[in-house]
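Novice: I'd like to ask you about the structure that follows.
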Amino acid sequence: MSPRTEPVVRIRCPPEEEARCRAALERAGYAADRSLTWVVVRDAAPDAVNEALAAGGAGVRVAVRERIGQLVGWLIDRQGKLEGRAVNVQALVRRVLEDGGLTARYAPRPLPELLEAATRTYEALMASGAAQVTWDRFVEAFCLEPAAPPAA
6 MSPRTEPVVR IRCPPEEEAR CRAALERAGY AADRSLTWVV VRDAAPDAVN
56 EALAAGGAGV RVAVRERIGQ LVGWLIDRQG KLEGRAVNVQ ALVRRVLEDG
106 GLTARYAPRP LPELLEAATR TYEALMASGA AQVTWDRFVE AFCLEPAAPP
156 AA
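To convert, take the position in the sequence shown, counting from 1, and add 5; that gives this note's numbering.
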């Protein structure tokens, strides 16, 4: 399965980092645009864009990767004790989607499913020793794709 492509990949990039960010993206074959406070890459896989930034020496990262990192840190800090914390997981998932500009494309799963996904994710993190959750894994575990409107 190929990585999930998103219509927009946002990067929060202060002006002093923009040249390095754009250069890293261009070397990897990505075209970047400025959209308000974001540098954006269109129709790309967030993890691939993030890897291009890191490989190119940019000090910034893809917005959804930063927020997923916060979710991972939160799960590790709780040491798997997530009973009664589904609303916290929901808030963290919403932040990932909001910062990524993807709230029209995805929604958080219902609370019980979020809690189950968080528990499974924590267990997988501990078993693997790798504190990373890919974009595809995040969407699969924590998000629903709203049904397309019926054809007219």
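Glycine included, each C-beta is placed from N, C-alpha and C at the ideal position.
Taking the alpha carbon of V5 as the point to measure from, which residue in L41, T42, R70 and Q84 has its own alpha carbon closest?
Specialist: This structure leaves residue 5 out entirely; the chain is present only between 6 and 157.
Novice: Report the three-state DSSP secondary structure of E150 (helix, strand or coil).
Specialist: E150: coil per DSSP, three-state reduction.
Novice: Expressed to the nearest angstrom, what Euclidean distance is found between the alpha-carbon atoms of A33 and T108?
Specialist: Going from the Cα of A33 to the Cα of T108 covers about 27 angstroms.
Novice: From what residue to what residue does the beta strand (DSSP E) around P158 run?
Specialist: Any answer about residue 158 is impossible in this case: the structure gives the chain only from 6 up to 157.
Novice: When DSSP labels each residue in this structure, what does V65 get in the three-state scheme?
Specialist: Here V65 sits in coil by DSSP.
Novice: Helix, strand or coil for V46? Go by DSSP, reduced to three states.
Specialist: Three-state result, V46: strand.
Novice: Kindly indicate which residue of N93, G89 and E23 has the alpha-carbon position closest to the one of G62.
Specialist: Taking only the C-alpha atoms, the option nearest G62 is E23.
Novice: Which full runs of the alpha helix (DSSP H) of 4+ residues lie inside the segment 82–154, going along the chain?
Specialist: As far as the segment 82–154 is concerned, its whole alpha helix (DSSP H) runs of at least 4 residues are 91–104, 116–133 and 140–147.
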